[in-house]
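In my numbering, the protein residues as written are 12 to 102.
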């Protein structure tokens, strides 16, 4: 399970980086969000990820206070899949 979450976090983050500045309102699921937070908290690794895959720009964390049932997670899954990543919908 942990490896699946970690794989999905990279798919999410790299998709978000590929669409930087497009204001797409991407949002990971709760489980994928946990994976995202694990890399963000390792600031050196996260800075290296941003440098390598985000043109040197730091992708800032913009948390939502409440998880809404507004379809944003499924919309995000479609964007991730469209960017060529395999999406684990069970997460």
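Beta carbons: idealized from backbone N, C-alpha and C, even for Gly.
Option nearest residue i by Cα separation, candidates the options
i	options	result
residue 29	82, 93, 99, 83	93
residue 81	46, 68, 55, 40	40
residue 20	50, 56, 90	50
Alpha-carbon spacing of residue i relative to residue j, whole angstroms
i	j	result
residue 27	residue 63	14 Å
residue 38	residue 83	6 Å
residue 48	residue 95	23 Å
residue 100	residue 24	16 Å
residue 60	residue 70	10 Å
residue 68	residue 86	24 Å
residue 66	residue 12	31 Å
residue 33	residue 91	14 Å
residue 56	residue 36	24 Å
residue 42	residue 53	18 Å
residue 16	residue 58	20 Å
Inter-residue CB distance, residue i and residue j (contact presumed, cutoff 8 Å)
i	j	result
residue 88	residue 98	5 Å
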